[in-house]
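S.K.:
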């Protein structure tokens, strides 16, 4: 199927969804006056027309004719309502299936259940008045569609930049005394090309710096696709400072693999520009390298690898063996590796002396539940380790939920994270 055919198919599906959901809108609004029903119909189909026309225009205009943030918001305004209507469609299908079954049964069995006779008083007792089952299900369908619509809209307006400090203690048995109590800050997955509120982004950095970390880590995905996305945020993220340094590495999005480049040279230049942006912000980017931290005469190693993912179609660019060279004799090794699948695939089986791996990548799917010890996200069906601290034996993995967002410009339940670790001598 060519691009035009696919585009027309999606537009047709959208229209069919609108027609189907409108049946519920019409039933629920029939208690209104005639003018009220007309207003509801006008609003419903007015929104539908605007959405479909916008979808068509977005398909026809050149991708670069609209800014990244504007494009992202337009797509959110189109897709979130249709995603929400999908839940309404599920309930309406239930209603239609019920009515089909009832019709089939009526072909063979037609009891008169509309009234009951009290034989003692010889008086006809009318059946109890109730909302018809179909109307109840149609109201349920509209509620089922409204809840995700409100939730995902709120996730854009509030959740996208609702930064949370998460505090984690890391007891390490071989930790030198000079590092006991050392504070590490981690952020990950900035995705600067998605930001739409620079003031809020700055506020998150200020939250981080109020923690006064001794060292800071950034674990990849500074941009969505191109290095120029971070240009307007360099003056914010260069404020991330720490006495022992700020260390960073690359994530899968940083290589520009999801963008159509005119040439391989242009793609490589983009990566060079991105690495230069790390350095301009004062971040020490680790490209399959290591650095030695010193405190009170003691030393530990920080390793950083380029992206090493081990899921389906994951990007493999890093070399842990190269990053590990020269660190064998240091009592503690901390690894920056963007993709958490690296931990089970290579780190644990081959490098048992790497104490902690710091990762990001998953975003916790930007959607889920974390309340009173209950933690759920659709992300857990794709990643064994997807958010928070994991431990196997003496080795640990921490998966940061991410500072930014991509695709859906918001977060629901899984909020943006700044992690503050405290190293402890076990």
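Residue numbers (my numbering): 21 to 446. From the three backbone atoms N, C-alpha and C, an ideal C-beta is built for every residue, glycine too.
#1: Any idea what DSSP makes of residue 191, helix, strand or coil?
#2: Could you give the first and the last residue of the continuous alpha helix (DSSP H) run that contains residue 288?
#3: In the segment 37-120, which residue ranges form an unbroken alpha helix (DSSP H) of at least 4 residues, counting only runs that do not cross its ends?
#4: Kindly confirm or deny that the segment 269-280 and the segment 240-260 touch, where touching means at least three C-beta pairs closer than 8 Å.
#5: DSSP state of residue 412, grouped into three classes?
#6: Looking at the structure shown, is residue 25 part of a helix, part of a strand, or coil, going by DSSP?
#7: So that I know if they touch, is there some Cβ in chain B lying closer than 9 Å to that of residue 180?
#8: Mapping DSSP to helix, strand and coil, what is residue 134?
#9: Can you tell which of 399, 40 and 379 has its C-alpha closest to the C-alpha of residue 325?
#10: Thinking C-alpha only, which one of 121, 165 and 214 is nearest residue 110?
#11: Per DSSP, what kind of secondary structure is residue 172 in: helix, strand or coil?
#12: Quick check: the Cα distance between residue 51 and residue 428, rounded to an integer number of angstroms?
#13: From 214, 37 and 61, pick the residue whose C-alpha is nearest to that of residue 91; which is it?
#14: Below 8 Å on the Cβ atoms is my guess for residue 225 versus residue 265; work out the distance and round it to an integer in Å.
#15: Quick test of the definition: if touching needs 3 or more C-beta pairs under 8 Å, does the segment 341-358 touch the segment 384-404?
#16: On the CB-based measure, 16 or more other CB atoms within 10 Å of its CB, does residue 269 come out buried or exposed?
#17: Spatial neighbours of residue 140 within its chain, please: C-beta separation below 6 Å, excluding the five flanking residues on both sides.
#18: Would you give the residue range spanned by the alpha helix (DSSP H) that residue 230 belongs to?
#19: According to the neighbour-count rule (16 or more other Cβ atoms, all chains shown, within 10 Å of its Cβ), is residue 309 buried or exposed?
#20: Kindly indicate which three-state DSSP category residue 141 falls into: helix, strand or coil?
#21: For residue 73, is the classification buried or exposed, using 16 other Cβ atoms within 10 angstroms of its Cβ as the cut-off for buried?
#22: Quick check on residue 227: buried or exposed, where buried means 16 or more other Cβ atoms within 10 Å of its Cβ?
#23: From 316, 317, 322 and 318, pick the residue whose C-alpha is nearest to that of residue 307; which is it?
#24: Confirm, please, whether the CB-CB distance from residue 237 to residue 204 is below 9 Å.
#25: For residue 409, which of 161, 190 and 317 has the nearest alpha-carbon?
#26: By how many angstroms is the C-alpha of residue 421 removed from the C-alpha of residue 210?
#27: Per DSSP, residue 236 forms a beta bridge with which residues?
#28: Along the chain, where does the alpha helix (DSSP H) containing residue 251 start, and where does it finish?
#29: According to DSSP, simplified to helix, strand and coil, what is residue 303?
#30: Under the assumption that residue 366 contacts residue 340 (Cβ atoms under 8 Å), give the Cβ distance between them as a whole number of angstroms.
#31: Can you name the start and end residues of the alpha helix (DSSP H) that residue 340 belongs to?
#32: Checking the sheet assignment: what are the DSSP bridge partners for residue 387?
#33: Using only the alpha-carbon positions, how far apart do residue 169 and residue 60 sit?
#34: Please classify residue 127 as buried or exposed, where buried requires at least 16 neighbouring CB atoms within 10 angstroms.
#35: By the three-class DSSP mapping on this structure, what secondary structure does residue 30 have?
M.R.: Per the coordinate set shown:
#1: In this structure, residue 191 counts as strand in the three-state DSSP scheme.
#2: Here the alpha helix (DSSP H) through residue 288 covers 284-300.
#3: Within the segment 37-120, the complete alpha helix (DSSP H) segments of 4 residues or longer fall at 54-80, listed in chain order.
#4: Contact holds: three or more Cβ-Cβ distances are below 8 Å.
#5: Three-state result, residue 412: strand.
#6: The answer is helix: DSSP assigns residue 25 an H, G or I state.
#7: The chain labelled as chain B is not found in the depicted structure, where only one protein chain is given.
#8: Only weak support exists for where residue 134 lies, its pLDDT of 47 falling under 50; the value from the coordinates is given anyway. Look at residue 134 here: in three-state DSSP terms it is coil, with no helix or strand label.
#9: Looking at the Cα atoms, 379 is the closest of the given residues.
#10: When each option's Cα is compared against that of residue 110, the closest is 165.
#11: Helix.
#12: Near 37 Å, if we compare the C-alpha coordinates of residue 428 and residue 51.
#13: Of the listed residues, the one whose Cα sits closest to residue 91 is 214.
#14: No, residue 225 and residue 265 are not in contact; Cβ-Cβ is about 17 Å, not under 8 Å.
#15: Because the criterion of three Cβ pairs below 8 Å is not met, the segment 341-358 and the segment 384-404 do not touch.
#16: Under the 10 Å beta carbon count, residue 269 is surrounded by 16 or more other beta carbons and is classified as buried.
#17: Here residue 140 scores only 49 on pLDDT, less than 50, and its place in the model is too uncertain to base an answer on.
#18: Note, residue 230: alpha helix (DSSP H), 218-230.
#19: The residue is buried, with at least 16 neighbouring Cβ atoms inside 10 Å.
#20: Bear in mind that the predicted position of residue 141 carries a pLDDT of just 47, short of 50, making it unreliable; the figure below should be weighed with that in mind. Looking at residue 141 - three-state DSSP - the assignment turns out to be coil, as it is neither helix nor strand.
#21: By the neighbour-count criterion, in which a residue is buried when 16 or more other Cβ atoms sit within 10 angstroms of its Cβ, residue 73 is exposed.
#22: Exposed, since its Cβ has fewer than 16 Cβ neighbours within 10 Å.
#23: Distance from the Cα of residue 307 is smallest, within the candidate group 316, 317, 322 and 318, for 322.
#24: Contact: yes.
#25: Per the Cα distances, 190.
#26: Rounded to whole angstroms, residue 210 to residue 421 spans 11 Å at the Cα level.
#27: Looking at the DSSP assignment, residue 236 forms a beta bridge with 205 and 266.
#28: That residue, residue 251, is in no alpha helix (DSSP H); it is neither H nor E in DSSP.
#29: It is coil, neither helix nor strand.
#30: Between residue 340 and residue 366 the Cβ distance is about 6 Å, and since that is below 8 Å, they are a contact.
#31: Counting along the chain, the unbroken alpha helix (DSSP H) around residue 340 starts and ends at 340-344.
#32: 432.
#33: Spanning the two alpha carbons is a distance of roughly 18 Å.
#34: Exposed: under 16 other Cβ atoms inside 10 Å.
#35: Assigned with DSSP and collapsed to three states, residue 30 falls in helix.
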